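A.B. asks:
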Amino acid sequence: MKEPLSEIKWAPRVSKSKIRKLYQSEAAGLLDEVLLDEVGISLYLRCQSILTVGRAQRGKVECPRCARSECDTTIERQTSRKEEVLRCPKCSWHLTWGEYRKTYQGKQLSEGGVGRYLRAFVIRYEKARTPKQKILAVDQVIHEFHYNTVKNIHQPTRAACVNLIEGKLTDVVAFLNELTYGNRTDKRMIRTRNDWKSTLDGMSKWHLKPRAINTE
Ligand SMILES: [Zn+2]
Numbered sequence: 004m005k006e007p008l009s010e011i012k013w014a015p016r017v018s019k020s021k022i023r024k025l026y027q028s029e030a031a032g033l034l035d036e037v038l039l040d041e042v043g044i045s046l047y048l049r050c051q052s053i054l055t056v057g058r059a060q061r062g063k064v065e066c067p068r069c070a071r072s073e074c075d076t077t078i079e080r081q082t083s084r085k086e087e088v089l090r091c092p093k094c095s096w097h098l099t100w101g102e103y104r105k106t107y108q109g110k111q112l113s114e115g116g117v118g119r120y121l122r123a124f125v126i127r128y129e130k131a132r133t134p135k136q137k138i139l140a141v142d143q144v145i146h147e148f149h150y151n152t153v154k155n156i157h158q159p160t161r162a163a164c165v166n167l168i169e170g171k172l173t174d175v176v177a178f179l180n181e182l183t184y185g186n187r188t189d190k191r192m193i194r195t196r197n198d199w200k201s202t203l204d205g206m207s208k209w210h211l212k213p214r215a216i217n218t219e
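If you count by the numbering used here, then the sequence shown holds residues 4 to 219, one letter each, in order.
1. Is W96 near ligand 1 - that is, is its Cβ less than 7 Å away from at least one heavy atom of it?
2. Rounded to whole angstroms, what is the Cα-Cα separation between V42 and R80?
3. On the DSSP bridge list, what partners appear for T77?
4. Looking only at its own chain, which residues have a Cβ that is under 6 Å from the Cβ of R90, when we skip the five neighbours before and after it?
5. Rounded to the nearest angstrom, how far is the Cβ of L203 from that of A177, given a contact under 8 Å?
6. Report all residues from its chain with a CB closer than 7 Å to the CB of S9; omit the five preceding and five following residues, and keep chain order.
7. The beta strand (DSSP E) with R49 in it runs from where to where?
8. What residue ranges within the segment 138-165 form continuous beta strand (DSSP E) runs of no fewer than 3 residues, ordered along the chain?
9. If you drop the 5 nearest sequence neighbours on each side, which residues of the same chain put their C-beta closer than 6 Å to that of S45?
10. Starting from the Cα of A70, find the closest Cα among N186, W13, V175 and give me that residue.
11. Less than 6 Å between C-beta atoms, sequence neighbours within five positions excluded: which residues of the same chain meet that for K171?
12. Is K93 close to ligand 1? I mean its beta-carbon at under 7 Å from any heavy atom of the ligand.
Spelled out as structure tokens, the structure:
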């Protein structure tokens, strides 16, 4: 039997170079479909990890041992105390909440305000059959924002790309700004990029420039 801590696995962020190459191939009208699948699946797994962390933060911890055998078992966390022992009722995997929390901290895995968009991507990617459908889903999710979920207002607080792509927030934002688009790039991707840029500009008006925001 494995050590309980080592059974928790979080999907890593996607590398900038893979996304850069993907967009270059798209802009040249020679979409690299193998790379598209690789990037798409990596983003899909990354979103699943962030959503799993989000549920754990809300008190529903997924047992990683059961998950590996494709059986979903939720452990109901009772308190926010780090000493609380999370124990799976099915397979008896167990860990304290404090130990569990440490596995995701500092890894850009906090869902805060972007969960609904990541869930939308997961569903959209599962249904995507053509390369066009896949790249549109990928393009949309890397241009999402976290929104304020505490107050009842729809205000973007931070670009979500840093949760999905390797690097510091300011670097990843600059990277997205420099992605290659070509004459044949789908109009919907151009629109997504324009919307993204205007949201970023709007954020700076509220003194919420990306560099001023805590990245975790
Ligand atoms: Zn279990």
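Positions of the beta carbon are idealized from the N, C-alpha and C atoms, including for glycine.
Remember, it's a predicted structure, so these values are computed and weren't measured experimentally.
C.D. replies: In short, the structure shows the following:
1. By 1-based counting over the sequence shown, the position of residue 96 is 93. At least one heavy atom of ligand 1 lies closer than 7 Å to the C-beta of W96.
2. Reading the sequence shown from its first residue, position 39 is the one you call residue 42. Reading the sequence shown from its first residue, position 77 is the one you call residue 80. Computed Cα separation, rounded: 33 Å.
3. Within the sequence shown, the letter at position 74 stands for residue 77. DSSP lists E65 as partners of T77.
4. Taking the first residue of the sequence shown as position 1, residue 90 is located at position 87. If we look at R90 and ignore the five residues flanking it on each side, its Cβ neighbours are H97.
5. Numbered from its first residue, the sequence shown carries residue 203 at position 200. Numbered from its first residue, the sequence shown carries residue 177 at position 174. With a Cβ gap of about 11 Å, L203 and A177 do not count as contacting.
6. Within the sequence shown, numbered from 1, the residue matching residue 9 stands at position 6. Excluding the 5 residues flanking it on each side, S9 has no same chain C-beta neighbour closer than 7 Å.
7. To locate residue 49, count along the sequence shown from 1; it is residue 46. Careful: R49 lies outside any beta strand (DSSP E), inside the alpha helix (DSSP H) at 36-60.
8. 148-150, 159-162
9. Stepping through the sequence shown from its first residue, residue 45 is reached at position 42. Within the same chain, V17 come within 6 Å of S45 by CB-CB distance, once the 5 residues on both sides are set aside.
10. If you number the sequence shown from 1, residue 70 lands on position 67. Answer by Cα proximity: W13.
11. Working through the sequence shown from its first residue, we reach residue 171 at position 168. If we look at K171 and ignore the five residues flanking it on each side, it has no Cβ neighbours.
12. As a first step, residue 93 is located in the sequence shown; it is residue number 90 there, counting from the start. K93 Cβ: within cutoff of ligand 1.
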